[in-house]
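Visitor:
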Amino acid sequence: MPVKPQIKSFLIADQVLQEKGTNKWSAIGIFDTIYASSFPCVHPSLALYIRLSDGEGDFDIKVEFYDEAERALAIFKGFKLVVRDRLANPDFGIQTKSLPVPQPGRYTFRLYFNDEFAQSIPINVVPITPKSVGGGA
Amino acid sequence: MGPSVRAGTVFFDRGAIEYPEYEQVQQPQDLEARWQTPGLYLAERIASYPSVRFVGEKMQPDYNQVIVVADDDSEVLLKQLFSIEREMYGVFSGLRFDCRLRVIPSSNADISAIVRSTLERYRRA
Chain A
4 MPVKPQIKSF LIADQVLQEK GTNKWSAIGI FDTIYASSFP CVHPSLALYI RLSDGEGDFD
64 IKVEFYDEAE RALAIFKGFK LVVRDRLANP DFGIQTKSLP VPQPGRYTFR LYFNDEFAQS
124 IPINVVPITP KSVGGGA
Chain B
110 MGPSVRAGTV FFDRGAIEYP EYEQVQQPQD LEARWQTPGL YLAERIASYP SVRFVGEKMQ
170 PDYNQVIVVA DDDSEVLLKQ LFSIEREMYG VFSGLRFDCR LRVIPSSNAD ISAIVRSTLE
230 RYRRA
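Protein chains in written order, with the working numbering: chain A, 4 to 140; chain B, 110 to 234.
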């Protein structure tokens with residue numbers, strides 16, 4: 004019986020890199036706001052970094068992207084994580100492409116293990132104005 | 110899927126340390142994903158049908174328009190499209206989409222107007 008892990012970190016970034024040899028992850032360009040000049044639009048590439056603890060078992064990972072109206076706009080799944088040691092703190096990053104953004108607003112990424120909800124993280128989408136850019140993607 | 114070195118371990122002298130292999134954690138392998146939208150979902154599910162020439166998708170503020178261009182509208186294809194559309198309502202909960210089939214035989218090669226009008230295009234592999 005798998006033990007669902009606790010989420011220690013759940014970050015949105017421009018890029019995630021894993022160093023060969025040590026396998027340590029780096030999250031580059033962490034952000035929580037997307038600026039866009041027109042809508043609908045597609046964000047070309049963003050990454051999710053996730054660090055876990057206190058879990059054990061085989062997990063199918065799924066992430067859904069929801070808008071404020073509770074509509075599932077996009078998903079990805081098919082990743083498997085195997086944790087054999089409950090004391091391990093596994094982490095991983097996933098580089099994603101072509102995130103659909105229909106309009107400005109507040110959205111959430113929702114993380115699931117074996118189709119069981121684990122945690123969500125919000126992201127704001129803001130129409131661009133000359134003075135509004137800073138700290139986003 | 111092979112064993113992975115445990116991440117998060119800090120080595121002070123990298124030159125002097127051989128990194129140990131821990132087998133407690135096996136990470137996902139292909140860590141790159143394209144967000145699956147209704148159009149891409151349908152394109153992947155319908156990929157085995159040779160009569161499907163093109164699946165396009167245009168995102169609107171409150172719904173997604175999905176268009177399937179096929180050589181014919183055989184009953185088998187229609188049934189499959191209907192079945193996939195029902196799946197899509199389950200996968201993309203709460204999302205409205207307008208799924209349409211256009212029959213344009215491959216003898217008519219010009220579907221450029223449809224291609225131009227869609228934001229995302231999913232060609233058959």
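Idealized CB from N, CA, C, for every residue including glycine.
None of these values were measured; they are calculated from a predicted model.
What does the alpha-carbon distance come out to for the pair residue 168 of chain B and residue 88 of chain A?
Guide: As a position in the second sequence, residue 168 of chain B is number 59, starting the count at 1. As a position in the first sequence, residue 88 of chain A is number 85, starting the count at 1. So the two alpha carbons sit approximately 43 Å from each other.
Visitor: With DSSP run on the structure shown, which of helix, strand or coil describes residue 188 of chain B?
Guide: For the purposes of this step, residue 188 of chain B is taken as the residue at position 79 of the second sequence. Reduced to three states, the DSSP call for residue 188 of chain B is helix.
Visitor: Does DSSP put residue 127 of chain A in a helix, in a strand, or in coil?
Guide: Residue mapping note: residue 127 of chain A aligns to position 124 of the first sequence, counting from 1. Residue 127 of chain A: strand per DSSP, three-state reduction.
Visitor: At a Cβ threshold of 7 Å, is residue 101 of chain A touching chain C?
Guide: Given the protein chain composition of this structure (A and B), no chain C is represented.
Visitor: DSSP state of residue 148 of chain B, grouped into three classes?
Guide: For the purposes of this step, residue 148 of chain B is identified with residue 39 of the second sequence, where counting begins at 1. If DSSP states are grouped into helix, strand and coil, residue 148 of chain B belongs with the helices.
Visitor: Please report the straight-line C-alpha distance between residue 189 of chain B and residue 210 of chain B, rounded to a whole angstrom.
Guide: Residue 189 of chain B sits at position 80 when you count from the first residue of the second sequence. Residue 210 of chain B sits at position 101 when you count from the first residue of the second sequence. Near 12 Å, if we compare the C-alpha coordinates of residue 210 of chain B and residue 189 of chain B.
Visitor: Indicate the three-state DSSP secondary structure (helix, strand or coil) for residue 193 of chain B in the structure shown.
Guide: In the second sequence, counting from the first residue as 1, residue 193 of chain B sits at position 84. Residue state, collapsed to three classes: helix.
Visitor: DSSP three-state call for residue 48 of chain A: helix, strand or coil?
Guide: In the first sequence, the residue the question calls residue 48 of chain A occupies position 45. Note: residue 48 of chain A maps to strand in three-state DSSP.
Visitor: Take residue 74 of chain A as the anchor and find which of B/187, B/202 and B/150 has the nearest alpha-carbon.
Guide: On the first sequence, position 71 is the one that residue 74 of chain A refers to. Answer by Cα proximity: B/202.
Visitor: Kindly indicate the opening and closing residues of the beta strand (DSSP E) around residue 168 of chain B.
Guide: Position 59 of the second sequence, counting from 1, holds the residue named residue 168 of chain B. Residues 161–168.
Visitor: Following the continuous beta strand (DSSP E) through residue 209 of chain B, name the residue where it begins and the one where it ends.
Guide: The residue labelled residue 209 of chain B in the question sits at position 100 within the second sequence. First-last of the beta strand (DSSP E) with residue 209 of chain B: 206–212.
Visitor: Measure the C-alpha to C-alpha separation of residue 175 of chain B and residue 166 of chain B and round it to an integer number of angstroms.
Guide: Working through the second sequence from its first residue, we reach residue 175 of chain B at position 66. Working through the second sequence from its first residue, we reach residue 166 of chain B at position 57. Going from the Cα of residue 175 of chain B to the Cα of residue 166 of chain B covers about 4 Å.
Visitor: Could you tell me which residues DSSP puts in a beta bridge with residue 54 of chain A?
Guide: Walking along the first sequence from the start, residue 54 of chain A turns up at place 51. The partner list for residue 54 of chain A (beta bridge, DSSP) reads A/12 and A/94.
Visitor: Taking residue 30 of chain A as the query, report the chain B residues whose CB atoms sit under 8 Å from its CB, ordered along the chain.
Guide: Counting from one through the first sequence, the residue named residue 30 of chain A turns up at place 27. Within chain B, no residue comes near residue 30 of chain A; the closest Cβ sits about 12 Å away, beyond 8 Å.
Visitor: Pull out every residue of the stretch 202–214 of chain B whose Cβ sits closer than 7 Å to any Cβ of chain A, in chain order.
Guide: 202, 203 and 204
Visitor: What residue range does the beta strand (DSSP E) around residue 156 of chain B cover?
Guide: Stepping through the second sequence from its first residue, residue 156 of chain B is reached at position 47. Element bounds for residue 156 of chain B: n/a, residue is neither H nor E.
Visitor: Would you mind working out which of A/78, A/95 and A/59 sits nearest residue 160 of chain A, comparing C-alpha positions?
Guide: The requested residue 160 of chain A is not part of the displayed model; chain A covers only 4 to 140.
Visitor: What residue does the beta strand (DSSP E) around residue 174 of chain B start on, and which one ends it?
Guide: Against the second sequence, residue 174 of chain B aligns to sequence position 65. Looking at the DSSP string, the run of the beta strand (DSSP E) that includes residue 174 of chain B is 173–179.
Visitor: Using a Cβ-Cβ distance under 7 Å, would residue 50 of chain A count as near chain B?
Guide: The residue you call residue 50 of chain A lines up with position 47 of the first sequence. Not closer than 7 Å to any Cβ of chain B, the Cβ of residue 50 of chain A fails to qualify, so no.
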